[in-house]
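In my numbering, the protein residues as written are 90 to 390.
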């Protein structure tokens with residue numbers, strides 16, 4: 090006999106379910122039925138706002154149309170300047186060699202040439218150099234030291250054509266000046282002062298030589314330089330003789346000094362600057378041909 094709550098084993102030994110179980114089984118709680126929610130009236134659908142179509146992306150062509158010519162122009166300009174530097178050096182060397190070969194045997198020294206102005210390539214194409222500067226700070230003429238500076242503008246590459254304008258200067262010290270310039274009747278050399286020269290000379294009065302010292306200023310007159318005494322003092326005593334007339338005769342009477350004999354024909358002196366150390370003569374010429382023949386021909390007074 091099995092006790093209460095125990096199952097009977099079948100013939101096969103397996104448990105068989107009880108016909109009337111006494112154990113409690115869980116029960117499902119049923120919720121009360123609720124009526125379905127009332128159907129809401131359908132809301133009319135709003136049309137979505139129309140979106141503008143995306144603009145078609147276009148490639149901009151105009152920057153390339155402008156940029157390519159600018160790039161090409163830049164390359165050309167760079168090439169011109171690079172070529173200009175090389176050509177300018179060759180031309181300057183050629184000018185220096187040419188000038189050195191044309192200097193007289195009595196002239197010794199180094200001349201430096203500088204070609205100025207715009208790109209030299211364009212100047213070569215135009216047939217003229219805008220500006221050529223020649224500088225010779227240390228030249229000797231028969232052993233006399235001088236300094237020469239020349240500026241030529243509108244220089245044709247054809248040597249048979251004239252130069253439009255030429256200016257320059259020659260600077261000498263006192264010793265060099267007296268090697269080139271000798272005053273008539275002067276008994277001393279020229280001495281340099283501040284803006285003036287001084288010298289000594291003499292005149293004959295009643296058959297007696299009378300010496301005097303004078304200061305003079307220079308005035309350029311193209312092929313001639315005029316020395317005009319501004320003050321004079323008698324240095325020879327002749328007792329009670331009044332020599333005031335002698336001083337008046339000396340003062341204001343210009344002494345001409347011909348300078349054309351030292352300059353190429355057509356070149357004139359336009360100014361004179363005097364300091365205690367140097368005297369500088371300013372030179373100028375227009376439409377002068379820089380050929381070997383013309384440069385070798387000096388002027389006259």
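We treat Cβ as the ideally placed atom computed from N, Cα and C, and that holds for glycine.
Asked                                                                                                                                                                           : Found
Restricting to Cα atoms, I'd like to know which of 225, 251, 366 and 351 is closest to residue 197.                                                                             : 225
Within the same chain, show all residues whose beta-carbon is closer than 7 Å to that of residue 233, passing over the 5 residues directly before and after it, in chain order. : 265 and 268
Taking residue 262 as the reference, which of 372, 382, 390 and 364 has the closest Cα?                                                                                         : 364
Which runs of the beta strand (DSSP E), 3 residues or longer, sit entirely within the segment 229–314?                                                                          : 233–245, 252–262, 286–294 and 297–310
Run through DSSP, which three-state label would residue 182 get?                                                                                                                : helix
Throw me the rounded Cβ distance for the residue 290 and residue 307 pair, which I believe falls under 8 Å.                                                                     : About 16 Å; that fails the 8 Å criterion.
Using the three-state DSSP reduction, which class does residue 356 fall into: helix, strand or coil?                                                                            : coil
Could you check whether residue 370 and residue 249 sit closer than 9 Å to each other, using their CB atoms as the reference points?                                            : no
Taking just the CA atoms, how far does residue 321 sit from residue 330?                                                                                                        : Any reading at residue 330 must be qualified, since the residue scores a pLDDT of 48, below 50, and its modelled position is unreliable; no value is offered.
Under DSSP, the alpha helix (DSSP H) around residue 214 begins and ends at which residues?                                                                                      : 209–215
Which residue wins for smallest C-alpha separation from residue 305, given the options 379, 285, 206 and 221?                                                                   : 285
Is residue 174 helix, strand or coil by DSSP?                                                                                                                                   : helix
Where does the unbroken beta strand (DSSP E) through residue 371 begin, and where does it stop?                                                                                 : 367–377
How many whole angstroms separate the CB atoms of residue 181 and residue 204, which I take to be in contact at a CB cut-off of 8 Å?                                            : 6 Å
Checking contacts by CB at 9 Å: is residue 197 closer than that to chain B?                                                                                                     : The structure shown contains no chain B, having only a single protein chain.
What residue range is occupied by the uninterrupted beta strand (DSSP E) comprising residue 342?                                                                                : Where residue 342 is concerned, there is no enclosing beta strand (DSSP E), given that its DSSP letter is neither H nor E.
In whole angstroms, what is the alpha-carbon distance linking residue 383 and residue 245?                                                                                      : 15 Å
Per the contact definition of three or more C-beta pairs closer than 8 Å, is the segment 354–361 in contact with the segment 373–380?                                           : yes
For the putative contact between residue 341 and residue 325, defined by C-beta atoms under 8 Å, what is the C-beta separation to the nearest angstrom?                         : No, residue 341 and residue 325 are not in contact; Cβ-Cβ is about 21 Å, not under 8 Å.
How is the alpha helix (DSSP H) around residue 381 delimited, first residue to last?                                                                                            : 381–384
Since I believe residue 359 is in contact with residue 309 (beta carbons under 8 Å), could you give me their beta-carbon distance rounded to a whole number of angstroms?       : 6 Å
Buried or exposed: residue 179, going by 16 or more other Cβ atoms within 10 Å of its Cβ?                                                                                       : exposed
Name the DSSP beta bridge partners of residue 321, please?                                                                                                                      : 303
On the CB-based measure, 16 or more other CB atoms within 10 Å of its CB, does residue 231 come out buried or exposed?                                                          : exposed
Spatial neighbours of residue 381 within its chain, please: C-beta separation below 7 Å, excluding the five flanking residues on both sides.                                    : 191
Alpha carbon to alpha carbon, how far is residue 218 from residue 317? Give it in angstroms, no decimals.                                                                       : 41 Å
What's the gap between the Cα of residue 282 and the Cα of residue 209?                                                                                                         : 44 Å
In terms of alpha-carbon separation, which member of 343, 385 and 177 lies closest to residue 350?                                                                              : 385
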